[in-house]
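Visitor:
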Amino acid sequence: HVELEVDGQPRSYEVYAPPSYDGETPLPLVLNFHGITGDGAGQAASTEMNDAADERNLIVVYPNGYENSWNGGLCCGEAFEDAIDDVAYTRALVQSVSALGCVDTRRVYATGFSNGAILTHTLACRASDLFAAVAPVSGPRLVEPGACDDARPMPILMLQGVDDRLSSYELAEQSLDEWREDYACDGEPLLDESLPSALCESYEGCSDDASISFC
Numbered sequence: 225h226v227e228l229e230v231d232g233q234p235r236s237y238e239v240y241a242p243p244s245y246d247g248e249t250p251l252p253l254v255l256n257f258h259g260i261t262g263d264g265a266g267q268a269a270s271t272e273m274n275d276a277a278d279e280r281n282l283i284v285v286y287p288n289g290y291e292n293s294w295n296g297g298l299c300c301g302e303a304f305e306d307a308i309d310d311v312a313y314t315r316a317l318v319q320s321v322s323a324l325g326c327v328d329t330r331r332v333y334a335t336g337f338s339n340g341a342i343l344t345h346t347l348a349c350r351a352s353d354l355f356a357a358v359a360p361v362s363g364p365r366l367v368e369p370g371a372c373d374d375a376r377p378m379p380i381l382m383l384q385g386v387d388d389r390l391s392s393y394e395l396a397e398q399s400l401d402e403w404r405e406d407y408a409c410d411g412e413p414l415l416d417e418s419l420p421s422a423l424c425e426s427y428e429g430c431s432d433d434a435s436i437s438f439c
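So, in structure tokens, the structure goes:
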């Protein structure tokens, strides 16, 4: 558990490093954002990403939201109502982790669930210099018009349940279309039906060799 101050607000995050971490070899960093009402410890338990950190030799951070919520641009909870700058918090967090440990700053990634996914989309728009790729899960892109105009294209993996009652599949499809337009992706999608309970479509012909996948 690490505490820091951002814009006069006390903030915190949970961090996990694999047993192989030696403090000298730069490791990839994954930020894993919880859903609304959640927290970093709960996200660690529900996603079991510490196991992936052990297998893939990476550092995982589970950020703690302001009053258990994230301001993802046009949503959600008290973080949105109080206009908390969670992009600034994320930048401060990455600086904090990098000061504490040996991070490969070329391999910083973000993922998140629901409200955390909404923030993940926003980070791809407003902090594209910071991330190598993002993977929002069960949450749409909810940003102000033009917020993504200057974003650097990066690989995006979107995961969305067809029957999700809180985050609609239609909004996810709309988010996919918005990213495809921003990244100038052309051509027909490549379909992958190898996963047992999902259909994935990937768009490869995007700006700067970025790709967008939607499962």
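FYI, the numbering for the sequence shown is 225 to 439, going by this note's numbering.
Note that CB positions come from ideal geometry on N, CA and C, so glycine has one too.
Remember, predicted model here, so these are calculated numbers, not experimental data.
So, using beta-carbon positions, are serine 362 and glutamine 398 closer together than 8 Å?
Guide: Cβ atoms of serine 362 and glutamine 398: not closer than 8 Å.
Visitor: For the pair the region 332–346 and the region 247–259, tell me if three or more CB-CB distances fall below 8 Å.
Guide: In short, these stretches touch, since the Cβ pair count reaches three.
Visitor: Tell me whether the beta-carbon of leucine 400 lies closer than 8 Å to the beta-carbon of isoleucine 436.
Guide: In this structure, isoleucine 436 lies closer than 8 Å to leucine 400 by Cβ.
Visitor: What number of angstroms, rounded off, separates the C-alpha of glutamate 302 from the C-alpha of cysteine 439?
Guide: Approximately 30 Å between the Cα atoms of the pair.
Visitor: Output yes or no for whether 8 Å exceeds the beta carbon distance between arginine 315 and alanine 356.
Guide: No, the Cβ-Cβ distance between arginine 315 and alanine 356 is not below 8 Å.
Visitor: Scan the region 241–316 and note each continuous beta strand (DSSP E) run of 3 residues or more that stays entirely inside, going in chain order.
Guide: As far as the region 241–316 is concerned, its whole beta strand (DSSP E) runs of at least 3 residues are 251–257, 283–288.
Visitor: What are the boundary residues of the alpha helix (DSSP H) that includes tyrosine 393?
Guide: Segment 393–406, the alpha helix (DSSP H) holding tyrosine 393.
Visitor: Within this structure, are the beta carbons of leucine 366 and valine 358 separated by less than 8 Å?
Guide: No, Cβ-Cβ distance for leucine 366 and valine 358 is not below 8 Å.
Visitor: Taking the alpha helix (DSSP H) that arginine 350 belongs to, which residues open and close that run?
Guide: Counting along the chain, the alpha helix (DSSP H) containing arginine 350 begins and ends at 339–350.
Visitor: In chain order, what residues of the same chain lie with their CB nearer than 6 Å to the CB of aspartate 416, ignoring the 5 residues before and after it?
Guide: Cys424, listed in sequence order.
Visitor: Taking just the CA atoms, how far does tryptophan 294 sit from phenylalanine 304?
Guide: Answer to the nearest angstrom: the Cα atoms are 7 Å apart.
Visitor: Please identify the residue among Tyr237, Gly411, Pro243, Trp403 whose C-alpha is closest to the C-alpha of asparagine 281.
Guide: For the residues Tyr237, Gly411, Pro243, Trp403, the minimum Cα distance to asparagine 281 belongs to Pro243.
Visitor: Can you check which of these residues, Pro369, Ala375, Gly262, Asp433, is closest to leucine 354 by C-alpha distance?
Guide: The candidate whose alpha carbon is nearest that of leucine 354 is Ala375.
Visitor: Which same chain residues end up closer than 6 Å to tyrosine 290 when comparing Cβ atoms and leaving out the 5 residues on each side of it in sequence?
Guide: Ala303, Ile308.
Visitor: If you measure between the beta carbons of asparagine 292 and threonine 261, is that distance less than 8 Å?
Guide: It is a contact, given that the beta carbons lie within the stated cut-off.
Visitor: Beta strand (DSSP E) containing glutamate 425: first to last residue?
Guide: First-last of the beta strand (DSSP E) with glutamate 425: 424–427.
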